[in-house]
Amino acid sequence: PLGIVAAIFGLLLWPMHYAGWWVTSPAIQHPRLLIFGFGAAFVFGFLGTAWPRFLEAEALRTWELAALVISWAIAQSVYAFGSIVSGDMTAGCSFLLLLVILGRRLFGRESRDLPPPGFSLAFLSVAMATVVLFCWASGIGAESVRAQLLFRLIAYQGFLLFPLLGVGSYLFGRFFQIPGERPRTSSPKLRALAVWSCGLVILISFGVEAMGWTRSGNALRLLGFLIWATGATPGLWTVRAPNTRAWALRFGLVLIGTTFVCRIFWPMQVFAFEHLLFLGGFSLVILLVADRVILGHCGQPELLQGKSKTWRWIVWLIVLAATTRATADLVPTTRVSHHIYAAITLIAILITWIILHGRRLRQADSDE
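Under my numbering, think of the first position of the sequence shown as -16, with each following residue one higher.
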């Protein structure tokens, strides 16, 4: 919920700017609030809950959770006031705190088994984003165009893509699970190989694109995504979606892959197709995962089955928001109006999601 508050504020910046209520351009504040606010809240929440459970370690203590929330909130407040450098430093400290908390549960126990590869990849993505945030805050690489592009790819795309693919290699198959049957997943060895291979290929693709080879970089990213899709989550593509949420998840993942295809054919349209990735693929998948986690923790998994008119509306509204925002860059004469339309549409989606789960967010965790 706090992440959604940050997202709504970040989205409102563009309409307020065009109305003259927000003087400075939110070109940097907007992505920082959406990625390190909304996106980070999702990553923090999921890893903070699932990491200890997978390791059979102690759950986060009250003071640890409070420290994460406070440091995250301070970073968003600093971004909101327009101090990007200070915001990056504060966000970096918040990310570092999460790494310390997770690391304490990994190394501060008798068993030294590593977490599943997907969770390890998510952990590494937080570590890489932390390094980038501190580099931005200290001015490292500020005079190098290639370094800044590499930092941007790692901290923006990588910070969200790696956790979604890593954790998704274990979770997404459950969306397609028929009640009473086991989820369709690949063998642990094949899944681990696919997760690490896709992570390595995607990381290399960031370096390739930073060198100026946009088509090659996105072709490699698409290859990494396909390695993950066929090796880690084959069940997502070989069966009919048993419910609306499974269909929506597949749709969101296809949007992610489609973004890389578009960047191969139209390499100059950077921001247009990145919004297809962020507003389309990432937003949809994040909201779906959060939806499933909440229903599971509230002991209402039966609600995941069957058709959902609400989720069909959410999917098509997200498509509308993403295409509207992309059009703002593809057709410059529509920029102002389409910036506003896209922001309002996504805000409506986020409010709908909050209304859908507002009552459940106040419930205690179920033993189920």
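Even for Gly, the Cβ is constructed at its ideal location relative to N, Cα and C.
Under the criterion of beta carbons closer than 8 Å, S180 and G141 do not qualify as touching, at roughly 16 Å. For the region 250 to 332, the continuous alpha helix (DSSP H) assignments of 4+ residues that do not extend past its boundaries occur at 253 to 258, 266 to 280, 292 to 313, in sequence order. Your pair F134 and C118 checks out as a contact, with CB atoms roughly 6 Å apart and the cut at 8 Å. Cβ-Cβ separation between A304 and L267: approximately 10 Å, too far for a contact (criterion under 8 Å).
Residue environment: A23 is assigned as buried (16 or more neighbouring CB atoms within 10 Å of its CB, all protein chains considered).
Under the rule that a run must span 4 or more residues, the alpha helix (DSSP H) segments found entirely inside the region 60 to 145 read 67 to 90, 100 to 121, 128 to 135. Per DSSP, L205 is one residue of the alpha helix (DSSP H) stretching across 197 to 214. Within the model, the alpha-carbon separation for T241 versus F90 is close to 39 Å.
Non-local C-beta neighbours of R204 in its own chain, meaning closer than 7 Å and more than five positions away in sequence, comprise I185, S188, F243, ordered along the chain.
Excluding sequence positions up to five before and after L176, its CB lies within less than 8 Å of the CB of G214, all in the same chain and listed in chain order. In this structure the region 4 to 23 does not lie against the region 43 to 53, because fewer than three pairs of beta carbons, one per stretch, are closer than 8 Å.
Taking the Cβ atoms as the reference, A120 lies roughly 4 Å from D71, within the contact range of under 8 Å. Counting along the chain, E192 sits inside the alpha helix (DSSP H) bounded by residues 171 to 193. In this structure, DSSP gives A(-11) a helical state, which the three-state scheme calls helix. When the five nearest sequence neighbours on each side are left out, the beta carbons in the same chain lying within less than 8 Å of the beta carbon of L16 are those of A(-11), A(-10), F(-8), G(-7), L(-4), Q59, Y62, A63, in order along the chain. Burial check for T216: the Cβ neighbour count within 10 Å reaches 16 or more, so the residue is buried.
Residue environment analysis places G200 among the buried positions, since at least 16 neighbouring C-beta atoms fall within 10 angstroms of its C-beta.
Within the model, the alpha-carbon separation for G124 versus Q252 is close to 24 Å.
Judged by DSSP secondary structure, F19 falls outside any alpha helix (DSSP H); it is assigned neither H nor E.
DSSP places L148 within a helical segment (H, G or I) once states are collapsed to three. A straight-line Cα-Cα distance of about 35 Å links L333 and P171.
Short of 7 Å from the beta carbon of Y139, and not among the five residues preceding or following it, lie these beta carbons of its own chain, in chain order: P14, I18.
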